[in-house]
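Numbering-wise (my numbering), the sequence shown opens with residue 4 and increments by one.
Note that beta-carbon positions come from the ideal geometry of N, C-alpha and C, so glycine has one too.
All figures in this text were calculated on a predicted structure; none of them were measured in a lab.
A quick write-up on the structure given underneath.
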Amino acid sequence: MPQTTPNAPHIGPVWELQAMLRTLAAVNWSLPFLTPDGVFGETTLEAVMTFQRENGLPVTGVVDRETWDAISTAYRKACQRLYPPKGTDLFPFPSECVEPGQATPMLLPIQAMFCALARFLAGVRDGEPCGTLDKTTEENLCWLQAKGGLPVTGKLDRDTYDLLSRVYETFVARSPQCTIQTPDQ
Numbered sequence: 004m005p006q007t008t009p010n011a012p013h014i015g016p017v018w019e020l021q022a023m024l025r026t027l028a029a030v031n032w033s034l035p036f037l038t039p040d041g042v043f044g045e046t047t048l049e050a051v052m053t054f055q056r057e058n059g060l061p062v063t064g065v066v067d068r069e070t071w072d073a074i075s076t077a078y079r080k081a082c083q084r085l086y087p088p089k090g091t092d093l094f095p096f097p098s099e100c101v102e103p104g105q106a107t108p109m110l111l112p113i114q115a116m117f118c119a120l121a122r123f124l125a126g127v128r129d130g131e132p133c134g135t136l137d138k139t140t141e142e143n144l145c146w147l148q149a150k151g152g153l154p155v156t157g158k159l160d161r162d163t164y165d166l167l168s169r170v171y172e173t174f175v176a177r178s179p180q181c182t183i184q185t186p187d188q
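See the structure below:
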């Protein structure tokens, strides 16, 4: 038989409902801020009825399938707003740098970023992503460092990566020319 801690909350449907309503209260201040305890008490009833009223559902205080689905949908949307996905940090070590001639898999997407930038910026050379800080990548890093006012080293360090990310975001990721096309277009 599993061990239970005295006074530990029972994590079941009511606790899950309360947790979702608590998250919704962070984006909709008219909902009461619940502390999930697994007990369908007065505050939970108030939260359910407020949610039903504000979402055009019959105000019964009963969590039927329609209400549960509406709360679940609103909860997922609230989570997207409150906890947006974080972009991948391709350069995770602030004090490290990649020297010319070094090989590391993290260079592959960085080299692909330079390939894309070569379509937009005259000073960037196109090259084949190879995972090694080769001559083309070194020249691209030097060009970027010079244009960004950084020390021109040809090495990939945190400041250079951050600058590359901003330049890529500006010229490639947000470019109207950067639309995804299917083969039949």
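query: If we call anything under 8 Å between Cβ atoms a contact, is W18 one with G44?; result: no
query: Smallest Cα separation from E142: which of P132, G134, V155, C133?; result: V155
query: In the DSSP output, which residue or residues are listed as bridge partners for A106?; result: T135
query: Just to confirm my understanding: we take C118, look at its own chain, exclude 5 residues before and 5 after, and list those with CB closer than 6 Å. What are they?; result: D129
query: Determine which residues share a DSSP beta bridge with V101 and list them.; result: L159
query: When you compare the CB positions of L103 and G151, do they come within less than 8 Å of one another, or not?; result: One detail in the question is off: residue 103 reads as Pro in this sequence, not Leu. For P103 and G151, no; Cβs fall outside 8 Å.
query: Take V101 as the anchor and find which of D160, A28, L24 has the nearest alpha-carbon.; result: D160
query: Starting from A28 and walking both ways along the alpha helix (DSSP H), at which residues does that stretch end?; result: 16–30
query: Quick test of the definition: if touching needs 3 or more C-beta pairs under 8 Å, does the region 19–33 touch the region 45–59?; result: yes
query: Taking only the alpha-carbon atoms, compute the straight-line gap between V66 and V51 and give it to the nearest angstrom.; result: 7 Å
query: For T63 and A73, what's the separation of their Cα atoms in angstroms?; result: 14 Å
query: What are the boundary residues of the alpha helix (DSSP H) that L48 is part of?; result: 45–57
query: Keeping to the same chain, check which residues put their C-beta closer than 8 Å to that of A28; ignore five residues upstream and five downstream.; result: L34, P35, F36, L37, A50
query: Keeping to the same chain, check which residues put their C-beta closer than 8 Å to that of Y164; ignore five residues upstream and five downstream.; result: L93, F94, I113
query: Buried or exposed: W32, going by 16 or more other Cβ atoms within 10 Å of its Cβ?; result: exposed
query: So, using beta-carbon positions, are L120 and Y171 closer together than 8 Å?; result: yes
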